[in-house]
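Report on the structure given below.
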Amino acid sequence: MNAKTTPAAETSELIAPAAGIDIKAIAQLGADASAIQLATLAAPAGMVGVPASIPVALINGRQPEARAVAALFEPFRQHPARKAGQATAQTFESFCELTNRHKTANSVI
988 MNAKTTPAAE TSELIAPAAG IDIKAIAQLG ADASAIQLAT LAAPAGMVGV
1038 PASIPVALIN GRQPEARAVA ALFEPFRQHP ARKAGQATAQ TFESFCELTN
1088 RHKTANSVI
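Going left to right, the sequence shown walks through residues 988 to 1096 as the working numbering numbers them.
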């Protein structure tokens, strides 16, 4: 057999130049593939009785999904979402004291 040498010019195209690979871009693509992002989901027009928008967690990865985040905040609530309970007022004066103690800017009796 005859030995044949391959010129360097023919083999140089087979190897990608190092300057053409952006390692930071590849790392960012990997990070984005499994990221969780907080977003706001707008309600469709015409829906009655729901807020205009809600916060959701958009989970990327093999099984993308949107999850509600309200349950994550409940353990850190600083006061109840609403007042609950029952009180009995025996006199008109005690009724007035009770209503004044629990009134808010949006209270109506």
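The C-beta atom is built at its ideal place from N, Cα and C for all residues, glycine as well.
Have a look at the DSSP bridge pairing and note the partners of residue i.
i	result
Arg1049	BP columns for Arg1049 are empty, so no partner.
Pro1042	Thr1027
Ala1071	None; Ala1071 has no bridge partner.
Roughly how many angstroms separate the alpha carbons of residue i and residue j, rounded to a whole number?
i	j	result
Ala1029	Phe1079	47 Å
His1066	Val1095	21 Å
Arg1054	Thr1075	42 Å
Ile1008	Pro1051	28 Å
Val1035	Arg1064	27 Å
Gly1033	Glu1084	42 Å
Pro1062	Val1056	12 Å
Do residue j and residue i count as a contact pair if the criterion is CB distance below 9 Å?
i	j	result
Leu1116	Ile1010	A query on residue 1116 cannot be resolved here, the shown segment of the chain reaching from 988 to 1096 and no further.
Val1043	Leu1025	yes
Ile1013	Thr1027	no
Measuring CB atoms only, is the region 1011-1021 touching the region 1042-1056, in the sense that at least three cross pairs come out at less than 8 Å? yes
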